[in-house]
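Numbering (our numbering), first residue to last: 1440 to 1662.
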């Protein structure tokens, strides 16, 4: 549904494709004599073992909850603006003219989710930050974040300084999103204590530029 088994379409080279149970199922059935055991479904439901997702795919999927099931193709650049030639042709410093270039913004994919299902997930993500959830420490006044923490178990724990990988995926304001932010910090521990504060710093920078009055109020609230 959320196209985890496809590239997101972001304008960057060498994008990895996420893997879900659909990808791993043939290998598991071959290993387990043609069976798919219930424990595999349990692990998959919490994002373990047969779920291997890139941050851009995760952000694309989760942010669709904030915009009523619309899933967009992400872009690093908005456009290239036209520039005139610089210097004389034949000179070493010559820079040729460049035409303007913009991306074709395709229509978003509509996720097959009822309004009630969407509202239920959104309420849960809102509560993670604003109602005593695992990311309550990044709660902000007048700018409600909807998010989900995650801690990806690292099989290398016990060797050297390896720790679990911290995740936090989010968008804000929760009920009228302007921005979506995700953080994956490898070998750092829990999502709530590492990834969520990193995302909070991004929101602080966004507010400082776009809504400084909100950030001022937040700073006063801290005092």
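Note that beta-carbon positions come from the ideal geometry of N, C-alpha and C, so glycine has one too.
If you draw a straight line from the Cα of residue 1618 to the Cα of residue 1610, it is about 6 Å long. DSSP places residue 1646 in the uninterrupted alpha helix (DSSP H) bounded by 1635-1649. Annotation for residue 1609: the continuous beta strand (DSSP E) segment containing it runs 1604-1611. Your pair residue 1514 and residue 1444 does not check out as a contact, with CB atoms roughly 21 Å apart and the cut at 8 Å. Assigned with DSSP and collapsed to three states, residue 1540 falls in strand.
Taking C-alpha positions only, residue 1595 is separated from residue 1465 by approximately 25 Å. The alpha carbon of residue 1459 has as its nearest neighbour, out of 1440, 1491, 1447, the alpha carbon of 1491. Taking C-beta separations shorter than 7 Å and ignoring five residues to either side along the sequence, the partners of residue 1567 in its chain run 1573, 1574, 1586, 1587, 1588, following chain order. Burial state of residue 1553 is exposed, judged by a 10 Å Cβ sphere holding fewer than 16 other Cβ atoms.
Ranked by Cα distance from residue 1598, the options 1582, 1590, 1626 are led by 1626. If you draw a 10 Å sphere on the C-beta of residue 1480, you find fewer than 16 other C-beta atoms in it, and that means exposed.
The C-beta distance from residue 1640 to residue 1607 rounds to 11 Å, too long to meet the 8 Å contact threshold. About 19 Å separates the beta carbon of residue 1516 from that of residue 1621, a gap too long to meet the 8 Å contact definition.
Scanning 1483, 1440, 1580 for the CA closest to the CA of residue 1504 turns up 1440.
A distance below 7 Å between beta-carbons, with the five flanking residues on each side excluded, links residue 1461 to the following residues of its chain, in chain order: 1444.
Sequence-distant Cβ neighbours of residue 1474 in its own chain, meaning closer than 7 Å and more than five residues away, are 1468. By the neighbour-count criterion, in which 16 or more other beta carbons inside 10 Å mark a residue as buried, residue 1642 falls on the buried side.
In the DSSP assignment, residue 1624 forms a beta bridge with 1605. Distance from the CA of residue 1632 to the CA of residue 1569, rounded to the nearest whole angstrom, comes to 16 Å.
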